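When you read off a place in the sequence shown, starting at 1, and then add 14, the result is the number in my numbering.
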Amino acid sequence: MKIPFPAFDPDIFSAPSSPQDASLNKLVPLTRHLPERNLDFPTPTRTYMSFSLPSTNPRRDKGSKSDRPGTHPSSEKELQRKPGTTQPTPDNANPDNATLDLQRQVKLANLINEINTELSSTLELDDILNTACRLLCQTLNCSRASVLVREEGDRETLVSRGEYINGDYPSQLGLKIDAKDNTHIQVLMSEDSPLSERDMADFPGLGCATRKALKTLQIKSMLAIATRYQGEVNGIIGLHQCDRHRDWQPWEEQLLEGVARQLGIAIDRARLYHTSQEAAAQEAFLRLVTNKIRNTLDVNTILQTAVEGARRLLKADRVVIYQFQDDWKGRVVVEDITDSWTSVLGDMGADDCFSGEYAHLYREGRVRAIDNIETDLDLDACHANFLRNLDVKANLIVPILIGQNQEGDLPQLWGLLIVHQCRSPRHWRVRESHLMLQLADQLAIAIQQAELFAKSQAQVERESLLRLMTERVRGTLDVQEILQTAVSGIRSILNSDRVVVYQFIHAAEGGWDGDVVVEDVVDPKWSIIHQKTCDDCFGGEHSQLYLEGRVRAIDDVSIDPELDDCHRQFLSSISVKANLIVPIVTNATKSEDSAPYLWGLLLAQACEQPRQWQEGEISLLGQLAEQIAIGIQQAELYNQTKTQAQELQATLNRLQSTQLQLIQTEKLSGLGKMAAGVAHEINNANNFIFANLHYVQEYGEELVKGLAQLDTEAAIDLKEELDFDYIQEDFPKMLKSMREGSKRIHNVVRSLQTFSHLNEAEIKPVDLHECLESSLAMLRLRFHANLKIHKNYSKEMPLVACYPGQVNQVFFNLIENALDALETDHKTGEKHNEQHDELSLQTEVLSNDWVRICIADNGPGIPREIRDRIFDPFFTTKAVGSGTGLGLSTCYQAIVQGHRGKLYLNENDQPGTEICIELPVHRDDCR
Numbered sequence: 015m016k017i018p019f020p021a022f023d024p025d026i027f028s029a030p031s032s033p034q035d036a037s038l039n040k041l042v043p044l045t046r047h048l049p050e051r052n053l054d055f056p057t058p059t060r061t062y063m064s065f066s067l068p069s070t071n072p073r074r075d076k077g078s079k080s081d082r083p084g085t086h087p088s089s090e091k092e093l094q095r096k097p098g099t100t101q102p103t104p105d106n107a108n109p110d111n112a113t114l115d116l117q118r119q120v121k122l123a124n125l126i127n128e129i130n131t132e133l134s135s136t137l138e139l140d141d142i143l144n145t146a147c148r149l150l151c152q153t154l155n156c157s158r159a160s161v162l163v164r165e166e167g168d169r170e171t172l173v174s175r176g177e178y179i180n181g182d183y184p185s186q187l188g189l190k191i192d193a194k195d196n197t198h199i200q201v202l203m204s205e206d207s208p209l210s211e212r213d214m215a216d217f218p219g220l221g222c223a224t225r226k227a228l229k230t231l232q233i234k235s236m237l238a239i240a241t242r243y244q245g246e247v248n249g250i251i252g253l254h255q256c257d258r259h260r261d262w263q264p265w266e267e268q269l270l271e272g273v274a275r276q277l278g279i280a281i282d283r284a285r286l287y288h289t290s291q292e293a294a295a296q297e298a299f300l301r302l303v304t305n306k307i308r309n310t311l312d313v314n315t316i317l318q319t320a321v322e323g324a325r326r327l328l329k330a331d332r333v334v335i336y337q338f339q340d341d342w343k344g345r346v347v348v349e350d351i352t353d354s355w356t357s358v359l360g361d362m363g364a365d366d367c368f369s370g371e372y373a374h375l376y377r378e379g380r381v382r383a384i385d386n387i388e389t390d391l392d393l394d395a396c397h398a399n400f401l402r403n404l405d406v407k408a409n410l411i412v413p414i415l416i417g418q419n420q421e422g423d424l425p426q427l428w429g430l431l432i433v434h435q436c437r438s439p440r441h442w443r444v445r446e447s448h449l450m451l452q453l454a455d456q457l458a459i460a461i462q463q464a465e466l467f468a469k470s471q472a473q474v475e476r477e478s479l480l481r482l483m484t485e486r487v488r489g490t491l492d493v494q495e496i497l498q499t500a501v502s503g504i505r506s507i508l509n510s511d512r513v514v515v516y517q518f519i520h521a522a523e524g525g526w527d528g529d530v531v532v533e534d535v536v537d538p539k540w541s542i543i544h545q546k547t548c549d550d551c552f553g554g555e556h557s558q559l560y561l562e563g564r565v566r567a568i569d570d571v572s573i574d575p576e577l578d579d580c581h582r583q584f585l586s587s588i589s590v591k592a593n594l595i596v597p598i599v600t601n602a603t604k605s606e607d608s609a610p611y612l613w614g615l616l617l618a619q620a621c622e623q624p625r626q627w628q629e630g631e632i633s634l635l636g637q638l639a640e641q642i643a644i645g646i647q648q649a650e651l652y653n654q655t656k657t658q659a660q661e662l663q664a665t666l667n668r669l670q671s672t673q674l675q676l677i678q679t680e681k682l683s684g685l686g687k688m689a690a691g692v693a694h695e696i697n698n699a700n701n702f703i704f705a706n707l708h709y710v711q712e713y714g715e716e717l718v719k720g721l722a723q724l725d726t727e728a729a730i731d732l733k734e735e736l737d738f739d740y741i742q743e744d745f746p747k748m749l750k751s752m753r754e755g756s757k758r759i760h761n762v763v764r765s766l767q768t769f770s771h772l773n774e775a776e777i778k779p780v781d782l783h784e785c786l787e788s789s790l791a792m793l794r795l796r797f798h799a800n801l802k803i804h805k806n807y808s809k810e811m812p813l814v815a816c817y818p819g820q821v822n823q824v825f826f827n828l829i830e831n832a833l834d835a836l837e838t839d840h841k842t843g844e845k846h847n848e849q850h851d852e853l854s855l856q857t858e859v860l861s862n863d864w865v866r867i868c869i870a871d872n873g874p875g876i877p878r879e880i881r882d883r884i885f886d887p888f889f890t891t892k893a894v895g896s897g898t899g900l901g902l903s904t905c906y907q908a909i910v911q912g913h914r915g916k917l918y919l920n921e922n923d924q925p926g927t928e929i930c931i932e933l934p935v936h937r938d939d940c941r
C-alpha cells in the first residue's frame with residue numbers, strides 16, 4: 015500500500031554547526047503533523063521481563079551538576095558538558111572541514127530521502143524500522159542500530175521491534191525493557207534532544223541487571239533519542255558501538271534527530287493502520303461467532319469456531335476452552351493448536367491449585383494475563399508447575415460467565431477461555447484482553463442458549479417418555495414390555511451407563527434377595543441381566559425407607575458419607591461409580607387388604623466415572639417408577655383374573671365333560687342292560703337249538719338208515735319222490751352248517767355280553783384282545799369290502815388290571831375315529847379306489863409291568879399345527895353336528911387319570927394316524 019509522504023525540508027534539524035551548513039538547509043525534510051488520535055486504554059497491572067534499575071525518573075537539565083541520580087564526584091566532569099551534544103572543535107573553521115561537512119549534509123539528505131521512500135511504500139512497521147536501522151547503521155558505520163517501540167496500552171514498557179547489526183554481535187530483537195527500572199530510558203523519554211554516551215559503563219544510576227545486559231549485548235557507546243508523535247513518546251532509536259568507545263558527532267546527532275521525527279510519525283501511522291486492521295479482523299471474527307450462534311444450537315461447533323479464530327487472530331500457540339465440573343475439576347472441551355505442541359483436548363489433568371477462592375475472583379470478572387510464568391510474582395509455585403507441564407510460557411485467562419447463581423449475586427462460572435503462548439513469554443495487550451472478553455461474552459450467550467435448548471429438549475423427551483409409558487401401561491399388560499420400554503428410554507435421556515429394574519423375589523413375603531429382570535446398557539461389559547444378587551446390606555431398615563418413598567442419589571459411591579462399607583463393596587463389585595435409586599411400590603393384589611409392598615427398585619447407574627444427579631433426572635425417575643408400579647399392578651390383576659377365568663373355564667369343561675360322560679354312561683349302561691337281556695334270550699334259544707342238533711342228527715341218521723333198507727315198491731317210490739340220494743348226501747352238511755351258525759350266534763352274543771360290561775365299576779384282570787375284538791364286532795356294520803384289518807397281537811399278552819367298561823369305550827372310540835378318517839379320505843377324493851383302506855391293531859409287552867396297544871389307519875392324518883390340541887375337551891375337526899369333541903378327551907381322562915397310563919399320538923413318517931395306549935399290568939387296588 016503506497017502512502018504519500020511529506021517532502022524533504024531542512025528545518026527539521028537544529029541550527030547548523032557552521033555557516034557553510036546554511037546552504038544545505040533546503041535539503042532537510044519538512045514533516046506534516048497527522049490528526050491526533052486517542053489510543054489510550056486502561057493499563058492492566060502485569061509483570062514483564064525487565065532490567066532491575068532504580069524506579070526514579072529524573073530529568074537531566076542542561077548544565078546541572080547534580081541532576082543525574084546517583085552522581086558522585088567522579089562523574090562531575092561528565093555533567094559539565096551539554097547533554098546531547100559534543101564539544102565543538104576549532105577545526106570547523108577550516109575550508110577542508112567545510113567541504114567535509116557539505117558532503118556529510120548531502121549524504122544525510124540522501125539517507126533521509128531513502129528512509130522517506132521506505133516510509134511512503136509500506137505500512138508494515140517492522141519493515142520500516144528494519145530499513146531505518148540498516149540505513150543508519152551503514153551510514154554511520156556503527157555496530158548496531160535498534161528501535162524500541164512503546165507497547166500499546168502500556169506507557170512504561172518498550173519492545174525491540176527493529177534492528178540491524180553490523181558485525182558478529184548478539185541481537186536484542188524482541189527484548190522488553192521496563193522504563194520504570196531503567197534510568198537511561200527515563201532520561202531519553204524526558205528529553206527532546208539526543209543523548210550521547212561515549213562510555214555507557216560510566217552512565218550514573220545503572221543497576222546491576224542493566225550493566226549485565228550492556229555487557230551481554232557488548233554495548234560500549236550509545237547515541238539514542240526518543241521518537242514522538244504530537245509530543246507523546248512512542249519509541250526510542252539507539253545506535254550502539256560495541257567494538258570501541260566512540261565520540262558521537264553533532265551531525266550524527268542531527269541525523270538521528272531527523273530520523274526520529276520521521277519514525278515517530280511512521281510508528282504512529284503504522285500503529286493506526288494495524289489497529290484498524292486488527293479491529294476489522296476482530297469485528298469480522300466476532301461477527302462470525304455471532305452468526306454461528308444465530309445459525310446453530312450445536313455448542314461444540316460454536317466453541318470450536320471460537321478457539322480456531324482466536325488462535326489465528328492472536329497468533330497464539332494454543333487456545334482452549336476449559337469447562338468446570340465438580341469441585342472445580344474440569345476438562346478441555348475444545349482446542350486449537352499449532353502442529354508443534356501437544357494436544358490437551360479431553361483431559362487437561364487436575365489443576366489442584368485451583369480453588370474456590372480463585373473461582374470467586376473469576377466470577378467477579380477477573381481477567382488474568384501472565385506474560386511470563388517464570389517471572390510473574392502473583393503466580394504460586396503449584397500453578398507454575400502445572401503450566402510448565404503443559405509447555406506454557408505465557409497465559410491469558412478470561413472467564414466464561416453465564417446466568418445467575420441461586421443467590422442471584424454473581425453469575426455462574428461455566429469455564430475459562432484460555433490462550434497459551436508456548437514458544438516464548440509474551441506481553442498481552444489490552445486490546446487482546448478486550449477481544450477475549452467480548453468473545454467470552456458471546457460464548458456465554460451461545461452456551462446459555464444451548465443449555466436452554468437442551469433443557470427444553472430434555473423436557474420434551476421426558477414428557478414423551480412419560481406419555482409413551484402411559485400408553486404402554488394402557489395398551490399392554492405385558493410387564494416385560496413395559497419395563498424394557500422404561501429402561502431403554504431412561505438410559506437414552508439420562509445418557510447413563512446402565513439402567514436396570516431390580517425385582518425382589520419374595521418381596522410380598524418380606525424377602526430381599528432379588529434378580530435384575532430388565533436392563534439397558536451402553537456397553538455389554540457392564541451387563542448384569544438375570545444375575546441373582548443377594549445384597550446382605552439391604553435389610554428391613556432400608557426397605558422400610560424405600561417403602562415410604564425414599565429416593566437415593568449417590569454421586570460418588572467411593573466417598574458418599576452415608577454409604578456403609580458393606581454396601582460400597584457390593585456396588586463396586588458390579589462397577590457402580592454413581593447410583594440413583596427409586597423404589598417401585600405396588601399393592602399386594604393376592605392379599606385381601608391390598609397393602610403396599612416394595613416390588614423392586616429402578617436404578618440408573620454410572621459405571622465409567624462419578625456423576626452428579628440433577629433434580630430433573632431424579633424427578634423423571636420417580637414419575638416413571640410410579641407408571642411402572644401402575645403397569646405391574648394392572649398386569650398382576652389381569653394375570654390373577656386370567657388365572658381365575660382359566661380355572662373357572664377348566665371347571666366348566668370338567669362339568670360339561672362329566673355331564674356328557676354321565677349321559678353317555680347312562681346310555682351305554684342302558685344299552686348294556688338291553689344287550690345283556692337280548693343276549694340272554696338269544697343265547698337261551700341258541701343253546702336249545704344247538705343242544706337239539708345232536709339229536710336231530712341221530713334221528714335223521716336212523717331214518718335214513720331205515721329207509722335205505724326198505725325194498726318195497728312204496729319205499730322205492732318214496733325215495734324217488736324225496737330225492738333220497740340227495741337228502742342222504744346233503745342232510746349231514748345242513749346239520750354242520752346249522753351247528754356253525756349256532757356257534758357264530760354264540761360268539762356274537764358273547765361279544766355283546768363283553769361290551770355290556772361298560773357299566774362295571776370294579777377293576778379286574780381283563781384280556782385286552784377280547785376287548786379289541788368286541789369293539790370290532792360292534793363296528794362290523796361299518797366295514798366294507800375295500801377295508802383290510804391287520805391284527806398283530808402279542809402272544810405273551812397278560813391279563814391287565816383295568817376297568818373293562820372304560821377300556822372298551824376307549825378302544826371303541828379310537829377304532830371309530832379311524833374308520834371316520836378312512837371314510838373322510840374317500841369323500842375328499844384324496845385316496846384312489848384301487849388303494850385299500852387299512853386298519854391296524856397291534857399289542858406288545860413293554861416290560862413285566864406295562865403293555866402297549868396301538869390303533870392306526872392310513873387315512874389323511876392329523877395336521878401338525880393341531881396335534882397338541884387333539885386331547886383338549888371340545889376340540890374337534892369334524893363338521894358341526896358330527897361330533898362333540900369329547901371322544902379323545904374322554905379317552906385321555908380314562909387312560910391317564912383312570913388307569914395312570916399314557917395316551918399319545920405316535921408321530922412317524924408313515925401316512926395316516928397312530929394312537930398308542932400304554933397301561934400298567936398290575937394295580938395296587940387290584941392285587
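We put the CB at the ideal spot given by N, CA and C, even for glycine. Note that the structure is a prediction, hence the values are computed from the model and not measured.
- Contact check for E211 and S174: beta-carbon distance about 18 Å, past the 8 Å limit, so the pair fails to qualify.
- With distances taken between CA atoms, F217 lies nearest to I199 out of L231, A592, M203 and I199.
- For K306, the enclosing alpha helix (DSSP H) has its first and last residue at P264 to N309.
- Counting C-beta pairs closer than 8 Å gives three or more between the region 649 to 665 and the region 489 to 498, which meets the contact rule.
- Around S438, the same chain offers K407 as residues with beta carbons nearer than 7 Å, after the five sequence neighbours per side are excluded.
- Residue pairing by DSSP leaves V718 without any beta bridge partner.
- Assignment of beta strand (DSSP E) within the region 408 to 457, counting only whole runs of 3 or more residues, yields 408 to 416 and 426 to 435 in chain order.
- Sequence-distant partners of A460 (beyond 5 residues in either direction) whose C-beta falls short of 7 Å from its own C-beta, in its chain, are I307, V313 and I316.
- Looking at P925, H936 and I251, the one whose alpha-carbon comes closest to that of N862 is H936.
- Under the three-state reduction of DSSP output, W864 falls in the strand class.
- Taking the C-beta atoms as reference points, C868 is found no nearer than 8 Å to E810.
- If you draw a straight line from the Cα of L616 to the Cα of N920, it comes to about 49 Å.
- A Cβ-Cβ separation of about 6 Å places L638 in contact with I504 under the 8 Å criterion.
- For G249, the secondary structure class from DSSP, reduced to helix, strand or coil, is strand.
- In the DSSP annotation of this structure, the continuous segment of the beta strand (DSSP E) that includes E858 starts and ends at D851 to V859.
- Using a Cβ-Cβ distance cut-off of 8 Å, the region 743 to 756 and the region 818 to 832 are not in contact, since fewer than three pairs of beta carbons, one from each stretch, lie closer than that value.
- Pairing Q498 with V535 gives a Cβ-Cβ distance that is not under 8 Å.
- In this structure the region 258 to 271 does not lie against the region 287 to 299, because fewer than three pairs of beta carbons, one per stretch, are closer than 8 Å.
- With 16 or more other Cβ atoms inside 10 Å of its own Cβ, N248 counts as buried.
- Annotation: the continuous alpha helix (DSSP H) that includes K229 extends over C222 to L231.
- T224 and G417 have their alpha carbons spaced roughly 50 Å apart.
- When secondary structure is reduced to three states using DSSP, F885 falls in the coil class, being assigned neither helix nor strand.
- The Cβ atoms of N822 and E852 lie no closer than 8 Å to each other.
- With a cutoff of 8 Å on beta-carbon distance, L431 and I279 are scored as not near each other.
- Classified as exposed, T356 has fewer than 16 neighbouring CB atoms from the shown chains inside 10 Å of its CB.
- Within the model, the alpha-carbon separation for R668 versus A659 is close to 14 Å.
- DSSP places H804 in the uninterrupted beta strand (DSSP E) bounded by L801 to N806.
- For the pair V303 and T319, the CB atoms are nearer than the 8 Å cut-off.
- Between E138 and S160, the C-beta gap is not smaller than 8 Å, which leaves the two residues out of contact.
- When DSSP states are grouped into helix, strand and coil, P538 belongs to the helix group.
- Y516 counts as buried, since no fewer than 16 other beta carbons sit within 10 angstroms of its beta carbon.
- Between the alpha carbons of T241 and E388 lies a distance of about 32 Å.
- The three-state secondary structure of C147, taken from DSSP, is helix.
- Excluding residues up to 5 positions away in sequence, V530 lie with their Cβ nearer than 6 Å to the Cβ of Q545 in the same chain.
- Apart from the 5 residues on each side of it in sequence, M483 sits with its Cβ closer than 7 Å to the Cβ of T499, A500, L638 and Q641 in its chain, given in chain order.
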